[in-house]
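Read the structure below first, then the notes.
Numbering (the numbering used here), first residue to last: 2 to 279.
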């Protein structure tokens, strides 16, 4: 149940609609999750960033969370640099699963400092990376040293290198597909799941009409094992429907709560064993 670039474009648009807003609180929920408390002129809200290998996503959440008593080293660093920062821009890199937050914060002397926070939601490579105004990495949720990836080092002081762009077509910029290739192989931001739905619909529906429905949707259609922003008619199942952010809560909330319990239980077990051994 991973989000693709199309779903992420809808999420990004809803977050961007709240601009400008301040980041007023920064907490971690687990080793893979950050929770940002935010405030705009009109409301307070929470942004959840999950870099879980399976459940990675960005969403506005209404849930009440219990945060760890001891914040992680990354949370301490983020608090130092971007707590009370003003978010002035939120944008997706094409239809890649990369979101860039442009931030402005004033130091003790009142001088403005600019940062970028990249949220990269690509499966096991999902990451949060904080970058200064010279494009130098300050730190990241998951560090990647050069011996692991010499093309894209994610370490403090390294230069931030963007994710390599795809050579696929923008689905909203073309009028027809090559019938000899799968839709997901041709279209940027389209997962195999959505690609199969597009191929199924093309048997009876014009391509432009399918894209128009995708473009207009703010609804999440949730099936027992899948979800997307248009009905997945090729599954021959009846979905539950939700507003986008509520749908994401319905899909992920229980799964990630189970993951948090397992992690915290494991941490307590390790701590208990250490005490017993002493």
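Don't be surprised by glycine CBs; every beta carbon is placed ideally from N, CA and C. None of the values given here were measured: they were computed from a predicted structure.
Cα atoms of residue 35 and residue 13: separation of roughly 17 Å, rounded to the nearest angstrom. The distance from the Cβ of residue 240 to that of residue 222 is about 4 Å, consistent with a contact at the 8 Å cut-off.
Proximity of the stretch 81–100 to the stretch 22–35 meets the contact definition, three or more beta-carbon pairs being nearer than 8 Å. Residue 116 places its beta carbon 8 Å or farther from that of residue 136. Beta-bridge partners of residue 116 (DSSP): 104. Residue 90: not part of any alpha helix (DSSP H); member of the beta strand (DSSP E) spanning 87–93, first to last residue. DSSP, read as helix, strand or coil, puts residue 58 in strand.
Within the model, the alpha-carbon separation for residue 114 versus residue 226 is close to 44 Å. Shown here, residue 248 sits in a helix according to DSSP, grouped into three states.
Spatial neighbours of residue 104 in its own chain (CB-CB distance under 8 Å, excluding positions within 5 residues in sequence) are listed in chain order as 24, 83, 86, 87, 88, 89, 115, 116, 117 and 118.
Judged by their CB atoms, residue 199 and residue 218 are not nearer to each other than the 8 Å cut-off. Note on residue 29: 16 or more other CB atoms within 10 angstroms of its CB, so buried under the neighbour-count rule. Beta-carbon to beta-carbon, residue 7 and residue 191 are separated by about 6 Å, close enough to satisfy the 8 Å threshold. In terms of Cα proximity to residue 107, the closest of 120, 81 and 121 is 81.
In the DSSP assignment, residue 200 falls outside any beta strand (DSSP E) and lies within the alpha helix (DSSP H) extending over 193–202.
Around the beta carbon of residue 71, fewer than 16 other beta carbons sit within 10 angstroms, so the residue counts as exposed. Going by DSSP, residue 125 is part of no beta strand (DSSP E) at all; its letter is neither H nor E.
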